[in-house]
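Novice:
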Amino acid sequence: MDRVYVDLPLSSDSLKGIRDYWMSLRGSRKMPTRPEFDPTAIVRHLPYVTLVDVFEAPLRFRYRLIGTGITELADRDVTGKWLDEGLYGEKTEDILWAYKKCVTEKQPIAVREQVQFVEKTWFTIDVILLPFGDSDGNINVILGALDLTAGGAETPGIKRSYILNWEAT
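Counting from 1, position 53 in the sequence shown corresponds to residue 52 in numbering that gives the first Met the number 0; the numbering is continuous, with no gaps.
1. Specify the secondary structure class of Val53 as computed by DSSP and reduced to three states.
2. Going by alpha carbons, who is nearest to Ala40 out of Glu55, Phe122, Met22?
3. Could you spell out where the alpha helix (DSSP H) holding Ser13 opens and where it closes?
4. Our contact map puts Val53 next to Ile65 with C-beta atoms below 8 Å; I'd like the distance itself, whole angstroms only.
5. Could you check the C-alpha separation between Ala149 and Glu55 for me, to the nearest Å?
6. Using 8 Å as the threshold, is the C-beta distance between Val102 and Leu50 below it?
7. Among Ser134, Val110, Gly132, which one has its Cα closest to the Cα of Thr123?
8. Please state whether DSSP places Ile69 in a helix, a strand or coil.
9. Measure the CB-CB distance between Leu14 and Ile141 and report whether it falls below 8 Å.
10. Per DSSP, Phe131 forms a beta bridge with which residues?
11. Within the same chain, show all residues whose beta-carbon is closer than 8 Å to that of Pro31, passing over the 5 residues directly before and after it, in chain order.
12. Return the Cβ separation of Tyr47 and Gly16 in integer angstroms, given the expectation that the two are a contact with Cβ distance under 8 Å.
13. Once you ignore the five residues that flank Ser10 on each side, which residues in its own chain have a CB closer than 6 Å to its CB?
14. Could you tell me the distance, in whole angstroms, from the CA atom of Leu72 to the CA atom of Val114?
15. Hey, how far is the Cα of Leu82 from the Cα of Asp12?
16. Identify whether Arg75 lies in helix, strand or coil by the three-state DSSP scheme.
17. For the alpha helix (DSSP H) that contains Tyr98, what are its first and last residues?
Put into C-alpha coordinates, the structure is as follows:
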(Lines of atoms letter the chains of each structure in order from A; the text may use other names.)
(Lines give C-alpha, C1' and ligand atoms only; values in the text may rest on other atoms or scores of the structure.)
Protein backbone atom coordinates (compact mmCIF):
# COMPACT_ATOMS: atom_id res chain seq x y z
CA MET A 0 0.00 0.00 0.00
CA ASP A 1 1.18 3.47 -0.87
CA ARG A 2 1.07 5.72 2.24
CA VAL A 3 1.00 9.48 1.72
CA TYR A 4 1.33 12.07 4.50
CA VAL A 5 -1.24 14.82 3.91
CA ASP A 6 -2.04 17.87 5.99
CA LEU A 7 -5.73 17.03 6.14
CA PRO A 8 -7.82 16.83 9.33
CA LEU A 9 -10.14 14.02 10.32
CA SER A 10 -13.38 14.45 8.40
CA SER A 11 -15.57 13.10 11.21
CA ASP A 12 -16.86 15.16 14.13
CA SER A 13 -17.25 11.89 16.01
CA LEU A 14 -13.55 11.04 15.64
CA LYS A 15 -12.59 14.60 16.55
CA GLY A 16 -14.69 14.27 19.71
CA ILE A 17 -12.92 11.05 20.71
CA ARG A 18 -9.55 12.65 19.94
CA ASP A 19 -10.43 15.70 22.02
CA TYR A 20 -11.44 13.48 24.94
CA TRP A 21 -8.11 11.60 24.70
CA MET A 22 -6.22 14.92 24.58
CA SER A 23 -8.05 16.14 27.70
CA LEU A 24 -6.92 13.00 29.54
CA ARG A 25 -3.37 13.31 28.27
CA GLY A 26 -2.78 16.86 29.41
CA SER A 27 0.94 17.67 29.12
CA ARG A 28 2.01 14.01 29.13
CA LYS A 29 2.85 11.85 26.12
CA MET A 30 -0.34 9.80 26.65
CA PRO A 31 -2.96 9.03 29.31
CA THR A 32 -3.10 5.77 31.27
CA ARG A 33 -5.75 3.13 30.68
CA PRO A 34 -7.41 3.51 34.13
CA GLU A 35 -8.18 7.14 33.25
CA PHE A 36 -10.37 6.10 30.32
CA ASP A 37 -14.09 6.28 31.11
CA PRO A 38 -16.25 4.82 28.32
CA THR A 39 -19.27 6.77 29.56
CA ALA A 40 -17.49 9.96 28.50
CA ILE A 41 -17.77 8.88 24.85
CA VAL A 42 -20.88 6.72 25.09
CA ARG A 43 -22.46 7.98 21.85
CA HIS A 44 -19.30 6.99 19.95
CA LEU A 45 -18.95 3.46 21.39
CA PRO A 46 -20.54 1.60 18.44
CA TYR A 47 -17.52 2.59 16.30
CA VAL A 48 -14.79 2.13 18.91
CA THR A 49 -12.26 -0.66 19.46
CA LEU A 50 -9.96 -1.41 22.36
CA VAL A 51 -6.86 -3.33 21.32
CA ASP A 52 -4.48 -4.84 23.87
CA VAL A 53 -0.78 -4.42 23.08
CA PHE A 54 1.67 -7.23 23.87
CA GLU A 55 5.46 -6.90 23.68
CA ALA A 56 8.19 -9.38 22.69
CA PRO A 57 6.98 -10.08 20.08
CA LEU A 58 4.80 -7.06 19.37
CA ARG A 59 1.24 -8.30 18.87
CA PHE A 60 -2.26 -6.88 19.09
CA ARG A 61 -5.53 -8.46 20.26
CA TYR A 62 -9.04 -7.04 20.09
CA ARG A 63 -10.44 -6.61 23.59
CA LEU A 64 -13.61 -4.86 22.46
CA ILE A 65 -15.31 -4.16 19.15
CA GLY A 66 -18.19 -1.72 18.90
CA THR A 67 -21.51 -3.02 17.60
CA GLY A 68 -21.47 -0.62 14.66
CA ILE A 69 -18.18 -2.10 13.49
CA THR A 70 -19.38 -5.70 13.89
CA GLU A 71 -22.49 -4.86 11.86
CA LEU A 72 -20.49 -3.10 9.15
CA ALA A 73 -17.98 -5.96 8.93
CA ASP A 74 -20.57 -8.71 9.43
CA ARG A 75 -18.43 -10.38 12.11
CA ASP A 76 -17.32 -10.00 15.72
CA VAL A 77 -13.58 -10.34 16.22
CA THR A 78 -13.50 -9.70 19.97
CA GLY A 79 -10.64 -11.72 21.52
CA LYS A 80 -8.92 -12.34 18.17
CA TRP A 81 -5.31 -11.49 17.32
CA LEU A 82 -4.97 -8.96 14.50
CA ASP A 83 -2.23 -11.01 12.82
CA GLU A 84 -4.10 -14.33 12.70
CA GLY A 85 -5.87 -14.34 9.37
CA LEU A 86 -8.53 -11.73 10.00
CA TYR A 87 -7.52 -9.48 7.14
CA GLY A 88 -5.89 -11.74 4.56
CA GLU A 89 -3.56 -9.84 2.26
CA LYS A 90 -4.38 -6.55 4.08
CA THR A 91 -2.92 -7.81 7.39
CA GLU A 92 0.40 -5.96 7.10
CA ASP A 93 -1.38 -2.75 6.10
CA ILE A 94 -3.60 -2.95 9.19
CA LEU A 95 -0.68 -3.82 11.48
CA TRP A 96 1.43 -0.97 10.09
CA ALA A 97 -0.75 1.70 11.74
CA TYR A 98 -0.81 -0.10 15.10
CA LYS A 99 2.96 -0.60 15.04
CA LYS A 100 3.50 3.05 14.14
CA CYS A 101 1.29 4.13 17.05
CA VAL A 102 3.35 1.98 19.44
CA THR A 103 6.82 2.84 18.12
CA GLU A 104 6.16 6.59 17.97
CA LYS A 105 4.06 6.58 21.17
CA GLN A 106 1.54 8.92 19.64
CA PRO A 107 -1.78 8.78 17.82
CA ILE A 108 -2.07 8.09 14.14
CA ALA A 109 -4.98 8.80 11.83
CA VAL A 110 -5.47 7.36 8.37
CA ARG A 111 -8.00 7.59 5.56
CA GLU A 112 -8.34 4.68 3.21
CA GLN A 113 -10.75 2.65 1.18
CA VAL A 114 -11.79 -0.66 2.66
CA GLN A 115 -13.99 -3.49 1.55
CA PHE A 116 -15.66 -5.61 4.17
CA VAL A 117 -16.52 -9.22 3.29
CA GLU A 118 -18.78 -9.27 0.24
CA LYS A 119 -19.66 -5.58 0.56
CA THR A 120 -18.98 -2.47 -1.45
CA TRP A 121 -15.96 -0.24 -0.93
CA PHE A 122 -16.13 2.41 1.80
CA THR A 123 -13.79 5.30 2.50
CA ILE A 124 -13.14 5.55 6.23
CA ASP A 125 -11.16 7.67 8.63
CA VAL A 126 -9.51 5.76 11.47
CA ILE A 127 -7.76 7.12 14.55
CA LEU A 128 -5.61 5.09 16.94
CA LEU A 129 -4.99 6.62 20.37
CA PRO A 130 -2.43 5.05 22.74
CA PHE A 131 -2.86 4.52 26.48
CA GLY A 132 0.18 3.64 28.54
CA ASP A 133 1.26 2.40 31.92
CA SER A 134 3.13 4.43 34.53
CA ASP A 135 6.44 3.59 32.79
CA GLY A 136 5.26 5.02 29.45
CA ASN A 137 4.76 1.65 27.72
CA ILE A 138 1.65 1.41 25.56
CA ASN A 139 -0.64 -1.34 26.78
CA VAL A 140 -3.88 -0.55 24.98
CA ILE A 141 -4.91 1.38 21.89
CA LEU A 142 -8.30 3.05 21.62
CA GLY A 143 -9.31 2.95 17.99
CA ALA A 144 -12.29 4.50 16.27
CA LEU A 145 -13.54 4.63 12.72
CA ASP A 146 -16.16 6.53 10.80
CA LEU A 147 -17.17 6.81 7.20
CA THR A 148 -15.33 9.70 5.58
CA ALA A 149 -17.49 12.78 5.23
CA GLY A 150 -18.79 13.61 1.78
CA GLY A 151 -16.63 16.11 -0.05
CA ALA A 152 -13.45 15.08 1.78
CA GLU A 153 -10.40 14.29 -0.34
CA THR A 154 -10.13 10.51 -0.73
CA PRO A 155 -7.24 8.22 -1.64
CA GLY A 156 -7.40 5.54 -4.30
CA ILE A 157 -7.89 1.86 -3.48
CA LYS A 158 -4.16 1.10 -3.19
CA ARG A 159 -3.34 4.28 -1.27
CA SER A 160 -3.68 5.38 2.34
CA TYR A 161 -3.61 8.96 3.55
CA ILE A 162 -1.88 9.60 6.86
CA LEU A 163 -3.85 12.49 8.28
CA ASN A 164 -2.87 15.31 10.59
CA TRP A 165 -4.62 13.89 13.65
CA GLU A 166 -4.28 17.15 15.61
CA ALA A 167 -5.75 19.41 12.94
CA THR A 168 -9.18 20.89 13.50
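All C-beta atoms, glycine included, are put in the ideal place defined by N, C-alpha and C.
Specialist: Answer, in terms of the structure:
1. Residue mapping note: residue 53 aligns to position 54 of the sequence shown, counting from 1. If DSSP states are grouped into helix, strand and coil, Val53 belongs with the strands.
2. Numbered from 1 along the sequence shown, position 41 holds the residue referred to as residue 40. Closest by alpha carbon: Met22.
3. Counting from one through the sequence shown, the residue named residue 13 turns up at place 14. Residues 12 to 25.
4. Stepping through the sequence shown from its first residue, residue 53 is reached at position 54. Stepping through the sequence shown from its first residue, residue 65 is reached at position 66. The C-beta distance from Val53 to Ile65 rounds to 16 Å, too long to fall under 8 Å, and the pair is not in contact.
5. On the sequence shown, position 150 is the one that residue 149 refers to. On the sequence shown, position 56 is the one that residue 55 refers to. A direct Cα-Cα distance of roughly 35 Å separates Ala149 from Glu55.
6. Reading the sequence shown from its first residue, position 103 is the one you call residue 102. Reading the sequence shown from its first residue, position 51 is the one you call residue 50. In this structure, Leu50 does not lie closer than 8 Å to Val102 by Cβ.
7. Indexing the sequence shown from 1 puts residue 123 at position 124. Ranking Ser134, Val110, Gly132 by CA distance to the CA of Thr123 puts Val110 first.
8. As a working mapping, residue 69 is identified with position 70 in the sequence shown. Under the three-state reduction of DSSP output, Ile69 falls in the helix class.
9. Residue mapping note: residue 14 aligns to position 15 of the sequence shown, counting from 1. Residue mapping note: residue 141 aligns to position 142 of the sequence shown, counting from 1. For Leu14 and Ile141, no; Cβs fall outside 8 Å.
10. The sequence position of residue 131 within the sequence shown is 132, counting from 1. According to the DSSP secondary-structure assignment, Phe131 is paired through a beta bridge with Val140.
11. Here residue 31 is taken as the residue at index 32 of the sequence shown, counted from 1. Within its own chain, the residues whose Cβ lies closer than 8 Å to the Cβ of Pro31, once the five positions on either side in sequence are excluded, are Trp21, Leu24, Arg25, Phe131, Gly132, listed in chain order.
12. For the purposes of this step, residue 47 is taken as the residue at position 48 of the sequence shown. For the purposes of this step, residue 16 is taken as the residue at position 17 of the sequence shown. The C-beta distance from Tyr47 to Gly16 rounds to 11 Å, too long to fall under 8 Å, and the pair is not in contact.
13. The residue labelled residue 10 in the question sits at position 11 within the sequence shown. For Ser10, where only same-chain residues beyond five positions count, the Cβ hits under 6 Å are Asp125, Thr148, Ala149, Ala152.
14. As a position in the sequence shown, residue 72 is number 73, starting the count at 1. As a position in the sequence shown, residue 114 is number 115, starting the count at 1. Rounded to whole angstroms, Leu72 to Val114 spans 11 Å at the Cα level.
15. Here the question's residue 82 lines up with position 83 in the sequence shown. Here the question's residue 12 lines up with position 13 in the sequence shown. The alpha-carbon atoms of Leu82 and Asp12 are separated by roughly 27 Å.
16. The sequence position of residue 75 within the sequence shown is 76, counting from 1. The answer is coil: DSSP assigns Arg75 none of H, G, I, E or B.
17. Working through the sequence shown from its first residue, we reach residue 98 at position 99. Where Tyr98 is concerned, the enclosing alpha helix (DSSP H) stretches over 91 to 104.
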